[in-house]
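Beneath this line is the structure, given in structure tokens, with notes to follow.
2 protein chains.
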Amino acid sequence: MGNAVKQRIGALQKLLAQENIDFYIVPTADYHSSEYVSDYFKMRAFLSGFTGSAGTLVVGNEEAGLWTDGRYFVQAEKELEGSGIVLYRMEEEGVPTIKEYLEKHVTEGQTIGFDGRVVSASFGKELEEELADKNVKFVYDRDVAAQLWKDRPAMPMSRLWIVPEESCGMRVEEKLSKVREKMTEEGVEHLLIAKLDDIMWLYNVRANDVEHNPVALSYTFLSMDAAVLFIQDAALTEETKAHLEKSGVSCQKYTDISDYLKNCAIKGKVWCSGADSNYMLYKLVQSRAELVDKENPTELLKAVKNPVELENIRRCYLEDSVVLTKFLFWMKENAGKVPMDELGVAKKLDAMRAEIPGFLDLSFETISAYKANAAMAHYSATQEHSDTIGADGFYLVDSGGQYEGGTTDVTRTVALGAVTDEMKLHFTKVACAMLRLADTKFLSGCTGRNLDIIAREPLWDCALDYKHGTGHGIGYILNVHEGPHRLSWQYKPEKKEAVLEEGMIVSDEPGMYVQDSHGIRTENIVEIVKESKNAYGQFMGFRHLTYVPIDLDAIDIQYMEPSDIRKLNAYHRQVFEKLAPYFAGKELEKLKYATRAV
Amino acid sequence: MGNAVKQRIGALQKLLAQENIDFYIVPTADYHSSEYVSDYFKMRAFLSGFTGSAGTLVVGNEEAGLWTDGRYFVQAEKELEGSGIVLYRMEEEGVPTIKEYLEKHVTEGQTIGFDGRVVSASFGKELEEELADKNVKFVYDRDVAAQLWKDRPAMPMSRLWIVPEESCGMRVEEKLSKVREKMTEEGVEHLLIAKLDDIMWLYNVRANDVEHNPVALSYTFLSMDAAVLFIQDAALTEETKAHLEKSGVSCQKYTDISDYLKNCAIKGKVWCSGADSNYMLYKLVQSRAELVDKENPTELLKAVKNPVELENIRRCYLEDSVVLTKFLFWMKENAGKVPMDELGVAKKLDAMRAEIPGFLDLSFETISAYKANAAMAHYSATQEHSDTIGADGFYLVDSGGQYEGGTTDVTRTVALGAVTDEMKLHFTKVACAMLRLADTKFLSGCTGRNLDIIAREPLWDCALDYKHGTGHGIGYILNVHEGPHRLSWQYKPEKKEAVLEEGMIVSDEPGMYVQDSHGIRTENIVEIVKESKNAYGQFMGFRHLTYVPIDLDAIDIQYMEPSDIRKLNAYHRQVFEKLAPYFAGKELEKLKYATRAV
Numbered sequence: 001m002g003n004a005v006k007q008r009i010g011a012l013q014k015l016l017a018q019e020n021i022d023f024y025i026v027p028t029a030d031y032h033s034s035e036y037v038s039d040y041f042k043m044r045a046f047l048s049g050f051t052g053s054a055g056t057l058v059v060g061n062e063e064a065g066l067w068t069d070g071r072y073f074v075q076a077e078k079e080l081e082g083s084g085i086v087l088y089r090m091e092e093e094g095v096p097t098i099k100e101y102l103e104k105h106v107t108e109g110q111t112i113g114f115d116g117r118v119v120s121a122s123f124g125k126e127l128e129e130e131l132a133d134k135n136v137k138f139v140y141d142r143d144v145a146a147q148l149w150k151d152r153p154a155m156p157m158s159r160l161w162i163v164p165e166e167s168c169g170m171r172v173e174e175k176l177s178k179v180r181e182k183m184t185e186e187g188v189e190h191l192l193i194a195k196l197d198d199i200m201w202l203y204n205v206r207a208n209d210v211e212h213n214p215v216a217l218s219y220t221f222l223s224m225d226a227a228v229l230f231i232q233d234a235a236l237t238e239e240t241k242a243h244l245e246k247s248g249v250s251c252q253k254y255t256d257i258s259d260y261l262k263n264c265a266i267k268g269k270v271w272c273s274g275a276d277s278n279y280m281l282y283k284l285v286q287s288r289a290e291l292v293d294k295e296n297p298t299e300l301l302k303a304v305k306n307p308v309e310l311e312n313i314r315r316c317y318l319e320d321s322v323v324l325t326k327f328l329f330w331m332k333e334n335a336g337k338v339p340m341d342e343l344g345v346a347k348k349l350d351a352m353r354a355e356i357p358g359f360l361d362l363s364f365e366t367i368s369a370y371k372a373n374a375a376m377a378h379y380s381a382t383q384e385h386s387d388t389i390g391a392d393g394f395y396l397v398d399s400g401g402q403y404e405g406g407t408t409d410v411t412r413t414v415a416l417g418a419v420t421d422e423m424k425l426h427f428t429k430v431a432c433a434m435l436r437l438a439d440t441k442f443l444s445g446c447t448g449r450n451l452d453i454i455a456r457e458p459l460w461d462c463a464l465d466y467k468h469g470t471g472h473g474i475g476y477i478l479n480v481h482e483g484p485h486r487l488s489w490q491y492k493p494e495k496k497e498a499v500l501e502e503g504m505i506v507s508d509e510p511g512m513y514v515q516d517s518h519g520i521r522t523e524n525i526v527e528i529v530k531e532s533k534n535a536y537g538q539f540m541g542f543r544h545l546t547y548v549p550i551d552l553d554a555i556d557i558q559y560m561e562p563s564d565i566r567k568l569n570a571y572h573r574q575v576f577e578k579l580a581p582y583f584a585g586k587e588l589e590k591l592k593y594a595t596r597a598v
Numbered sequence: 001m002g003n004a005v006k007q008r009i010g011a012l013q014k015l016l017a018q019e020n021i022d023f024y025i026v027p028t029a030d031y032h033s034s035e036y037v038s039d040y041f042k043m044r045a046f047l048s049g050f051t052g053s054a055g056t057l058v059v060g061n062e063e064a065g066l067w068t069d070g071r072y073f074v075q076a077e078k079e080l081e082g083s084g085i086v087l088y089r090m091e092e093e094g095v096p097t098i099k100e101y102l103e104k105h106v107t108e109g110q111t112i113g114f115d116g117r118v119v120s121a122s123f124g125k126e127l128e129e130e131l132a133d134k135n136v137k138f139v140y141d142r143d144v145a146a147q148l149w150k151d152r153p154a155m156p157m158s159r160l161w162i163v164p165e166e167s168c169g170m171r172v173e174e175k176l177s178k179v180r181e182k183m184t185e186e187g188v189e190h191l192l193i194a195k196l197d198d199i200m201w202l203y204n205v206r207a208n209d210v211e212h213n214p215v216a217l218s219y220t221f222l223s224m225d226a227a228v229l230f231i232q233d234a235a236l237t238e239e240t241k242a243h244l245e246k247s248g249v250s251c252q253k254y255t256d257i258s259d260y261l262k263n264c265a266i267k268g269k270v271w272c273s274g275a276d277s278n279y280m281l282y283k284l285v286q287s288r289a290e291l292v293d294k295e296n297p298t299e300l301l302k303a304v305k306n307p308v309e310l311e312n313i314r315r316c317y318l319e320d321s322v323v324l325t326k327f328l329f330w331m332k333e334n335a336g337k338v339p340m341d342e343l344g345v346a347k348k349l350d351a352m353r354a355e356i357p358g359f360l361d362l363s364f365e366t367i368s369a370y371k372a373n374a375a376m377a378h379y380s381a382t383q384e385h386s387d388t389i390g391a392d393g394f395y396l397v398d399s400g401g402q403y404e405g406g407t408t409d410v411t412r413t414v415a416l417g418a419v420t421d422e423m424k425l426h427f428t429k430v431a432c433a434m435l436r437l438a439d440t441k442f443l444s445g446c447t448g449r450n451l452d453i454i455a456r457e458p459l460w461d462c463a464l465d466y467k468h469g470t471g472h473g474i475g476y477i478l479n480v481h482e483g484p485h486r487l488s489w490q491y492k493p494e495k496k497e498a499v500l501e502e503g504m505i506v507s508d509e510p511g512m513y514v515q516d517s518h519g520i521r522t523e524n525i526v527e528i529v530k531e532s533k534n535a536y537g538q539f540m541g542f543r544h545l546t547y548v549p550i551d552l553d554a555i556d557i558q559y560m561e562p563s564d565i566r567k568l569n570a571y572h573r574q575v576f577e578k579l580a581p582y583f584a585g586k587e588l589e590k591l592k593y594a595t596r597a598v
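Protein chains in written order, with the numbering used here: chain S, 1 to 598; chain D, 1 to 598.
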């Protein structure tokens with residue numbers, strides 16, 4: 001692999017030389033700044049050989065570098081071996097950001113190239129600013145590397161389907177009216193949305209253009225009295241056309257967005273989120289009108305789930321929890337007795353999930369990782385590499401489904417036999433971290449940055465840490481990662497933080513990873529609820545959506561405070577109460593034992 | 001008082017009508033945005049009758065309003081009684097900010113007035129922006145209310161003294177060179193500093209122009225090859241002149257700053273912090289050059305104490321702790337036996353502090369508050385009102401000194417006899433909060449917003465809170481409150497957060513206040529230190545500077561986790577070890593008992 005990549009990078013460098021481009025940037029993105037992208041858009045993986053979900057390749061004449069985050073250091077190191085590509089470990093001490101790297105290496109008058117459709121407007125603008133003093137030229141009107149990718153997959157093109165009102169809880173007209181209220185508040189006449197899940201949410205439709213993300217490639221352009229959806233023809237049926245029409249939405253071809261923006265009547269300001277739009281469209285809008293660059297109004301509206309959605313989500317998570325619990329019981333009972341490997345058991349779990357009524361898809365590729373593999377936080381077993389699972393050590397499974405009643409996400413780590421004292425320490429601290437955060441009461445106004453340390457402290461106290469955020473928002477029959485809220489401690493002055501509001505759902509997923517040894521993550525999804533209100537203000541808290549036992553075989557109570565033990569027992573009491581109706585006979589006995597008080 | 005204030009406001013309203021000013025703003029500030037101000041500048045207190053250290057008066061034709069923060073709600077309510085002034089409780093739900101208030105009440109083309117020297121440039125600019133659409137006129141070139149204040153105190157004018165090198169640890173030349181490095185990094189040719197403690201730090205001088213703040217009214221204007229200090233003539237002696245001259249600093253009259261800025265040679269950009277400069281000077285600079293509005297470079301340089309300062313600080317805090325401990329022993333022993341009142345015992349403590357070698361001044365007026373008075377967080381007993389202290393309930397004392405070896409600040413609350421279970425619960429939770437925060441380990445990169453919840457969680461968990469920050473930086477023989485770091489949870493997107501760095505010192509002062517009943521605050525000052533460094537990063541922690549027992553009579557261990565008890569006992573062990581050399585005989589026995597393990 002390393003050698004093939006080396007040749008590919010060499011071919012690209014030749015092309016760049018022909019085009020007079022000195023540095024070429026290949027991010028991991030489609031035209032919509034989506035987090036996950038369909039195969040058509042996996043240019044960075046094709047060019048570099050690194051298959052992780054996040055990373056950016058920068059190719060210069062002399063060096064090619066790949067930037068990725070802590071989740072992928074181990075994986076990237078392996079996959080880049082022999083490729084000659086330098087790995088830049090993001091946020092490690094002394095490691096330059098891409099902007100710093102370019103600031104250092106780009107000289108006066110050089111040219112930077114990228115496909116302007118796959119680079120977010122925010123990043124493009126930051127680059128402009130960073131390199132303002134160097135008289136740099138940007139070439140962003142074409143996909144220079146395209147000709148190197150002979151067997152490139154086709155652009156995805158799935159059918160839209162309609163989310164019924166009893167499932168989505170709010171009609172398109174009402175959503176449009178809320179969005180237009182926000183537009184009036186901002187003093188804009190138009191709104192361009194390029195973010196796929198926002199568009200799906202707004203129009204109560206879903207599709208399948210990105211694996212596991214039920215979205216369709218699309219844009220929408222709103223005015224006070226019109227809504228235009230840009231979408232591939234093949235995505236539309238008579239039924240969806242009628243649904244959209246009745247909601248006041250007209251449709252145009254997906255590829256017509258640029259022409260439309262060039263020629264349509266624009267009066268007043270246009271709202272266009274730089275973080276969620278591509279550089280090419282942003283520049284186009286900017287050339288036609290005063291642009292207001294703020295987060296899409298759909299972002300927060302979508303994140304605060306309505307009562308109908310919440311009711312569906314609660315039921316959906318319970319059914320999903322039942323299946324995962326049964327799977328984990330099977331794992332613990334059969335490891336070492338039945339031949340099994342990572343991919344095989346993932347498929348078993350996926351099949352069990354598919355039996356849940358309303359199942360549509362997985363919400364992401366199941367992460368099924370045994371022992372040291374789990375230290376690669378987002379490791380995936382493949383046909384080529386799927387380790388055999390035995391009767392010792394930790395097994396980690398991070399998985400979720402797309403259902404008619406919501407999108408789930410959950411991680412559990414279980415001991416399949418003997419584990420060391422250190423592993424128990426790590427497991428116990430991670431369990432305490434998850435439970436403490438879920439149990440936290442906080443005043444309204446807090447953001448994720450205030451709360452993150454509650455989960456991290458049990459680990460920081462032992463000079464340990466996990467190199468990923470503590471939590472992310474989750475869509476409703478939508479992307480498994482969604483904003484605007486998140487739980488994370490790092491200070492990014494330029495990034496607006498979202499206050500945690502009632503009705504948001506968020507993951508609570510501390511972990512602990514020891515390279516070449518083991519990986520632990522315990523992830524519940526919690527719903528944000530109002531607690532008491534008094535003279536001090538409105539207190540907020542969390543309510544579990546996930547009810548799956550935490551493996552007591554890996555818990556050592558000597559590492560817990562009495563309050564931690566109370567939290568664990570209280571959670572397990574809830575787990576038993578919630579799951580018991582779905583279990584019977586010997587399985588019910590197992591559930592009782594797995595959730596016993598310690 | 002209420003009536004006199006009513007008449008004063010009436011007189012001001014007449015004046016404003018004559019001057020065609022519709023709204024007049026009177027903040028609590030001198031010309032330097034100092035937190036505390038000398039009597040000359042206490043115009044807001046004179047006009048409104050509210051004597052708290054923070055608050056802004058806005059006088060319109062129909063209404064006068066006073067804005068203050070949670071520390072002062074109770075006090076302001078009392079002091080404003082009968083004045084007709086409306087109290088606006090800042091950050092309470094539904095209470096408008098001053099900007100929101102003006103946005104609502106100011107109509108097209110009206111005039112807003114203020115003395116441009118006592119309004120910070122940041123606030124002035126925010127007002128401009130907020131009211132941009134209303135065609136509002138700003139009158140800021142005079143102190144309109146001045147003529148109402150017949151017996152206004154004189155402008156302060158104290159002598160500068162030099163901090164010797166063995167005390168300050170760094171020569172002026174070195175400091176200037178570090179500041180100029182930052183200027184080069186920012187690409188500016190000049191720097192205007194209006195912040196008094198920054199100027200004192202930079203030139204290794206102190207004075208006494210503000211009660212308890214060892215600063216002199218001054219400005220400084222730096223170029224790459226010149227440093228001009230603007231200061232009142234009377235502040236200078238031959239010795240200080242020589243010290244400044246030798247360090248490359250020339251002096252000009254304090255009042256000449258405007259003329260100087262109007263006429264001096266300016267090439268390139270000027271650095272001027274809008275948050276720390278007054279509106280009038282800022283506008284002046286802006287009229288002459290490109291202005292870079294960023295926090296003064298001196299701010300962070302000053303906050304990170306050098307090894308000489310730290311060594312002095314540690315010794316200084318220990319000696320201060322000894323005195324407070326002895327005072328508190330005396331209080332607990334004599335309450336109810338010896339006649340005493342709040343002001344009297346404060347004077348006793350002040351006198352004891354004055355005996356410490358190197359004592360210069362108090363660092364702020366001692367807060368000595370018994371029972372319900374302590375619920376007014378920054379209450380001060382006065383000649384007119386000083387409650388008698390008896391042998392029950394809580395007594396709170398928040399105090400500190402200015403010494404040749406540093407500036408101290410410490411709060412303890414002690415039970416003088418019987419206290420209720422609820423009071424013990426509150427006291428114990430506050431003690432846990434202080435100790436947990438002091439014991440926290442965190443990764444380098446954290447700011448105070450990450451950590452605040454560690455102190456607040458024990459209270460939030462019981463739906464309780466304290467309406468003030470958890471901690472502030474502290475000067476070195478300088479202001480008892482200094483930035484840029486602080487411990488606080490509220491999200492203010494516009495406010496840059498400072499990363500907590502090794503060598504900073506910060507207060508750790510959770511509290512609990514029940515109106516009409518009791519007030520508790522336990523405040524230690526801690527130093528930020530490096531802990532272990534490993535693959536996860538550089539861990540940081542705190543080290544106590546304050547060693548004063550926490551009153552075990554008010555602790556109920558049923559409200560503590562075992563780890564809280566361990567922390568308390570460990571702290572008390574340290575207190576005993578540190579203080580024992582200063583105690584003997586019966587007092588030593590008392591110390592031993594007060595710091596016993598529970």
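C-beta atoms are modelled at their ideal positions from N, C-alpha and C, and glycine is treated no differently.
Listing by chain order, which chain S residues have their CB less than 8 angstroms from the CB of residue i?
i	result
Ser-563(D)	Glu-561
Ala-600(D)	One cannot answer for residue 600(D) here, as it falls past the ends of chain D, which runs 1 to 598.
Is there a Cβ of chain D sitting closer than 8 angstroms to that of residue i, yes or no?
i	result
Lys-99(S)	no
Glu-457(S)	yes
Trp-460(S)	yes
Anyone know if the C-beta pair for residue i and residue j falls short of 8 angstroms?
i	j	result
Lys-526(S)	Ile-505(S)	The residue asked about is misnamed: residue 526(S) is Val in this sequence, not Lys. Yes; because the gap between Cβ atoms is below 8 angstroms, this pair is in contact.
Tyr-513(D)	Tyr-466(D)	yes
Asp-392(D)	Glu-342(D)	no
Met-43(S)	Val-26(S)	yes
Ser-368(D)	Ala-346(D)	yes
Using a Cβ-Cβ distance under 8 angstroms, would residue i count as near chain S?
i	result
Ile-21(D)	no
Ile-453(D)	yes
Can you tell me whether residue i is buried or exposed, with buried defined as 16 or more other CB within 10 angstroms of its CB?
i	result
Gly-2(S)	exposed
Residues of chain D with CB closer than 7 angstroms to the CB of residue i, please, in chain order.
i	result
Asn-135(S)	Correct list: empty, because the minimum Cβ distance to chain D is about 17 angstroms.
Taking residue i as the query, report the chain D residues whose CB atoms sit under 9 angstroms from its CB, ordered along the chain.
i	result
Tyr-491(S)	Gly-445, Cys-446, Thr-447, Arg-449, Asn-450, Glu-497 and Val-499
Next item on the list: With 8 angstroms as the limit, tell me which residues of the region 434-447 of chain S have their beta carbon closer than that to any beta carbon of chain D; keep them in chain order.
Entry: Thr-440, Lys-441, Phe-442, Leu-443, Gly-445, Cys-446 and Thr-447
Next item on the list: Pull out every residue of the region 515-526 of chain S whose Cβ sits closer than 8 angstroms to any Cβ of chain D, in chain order.
Entry: none
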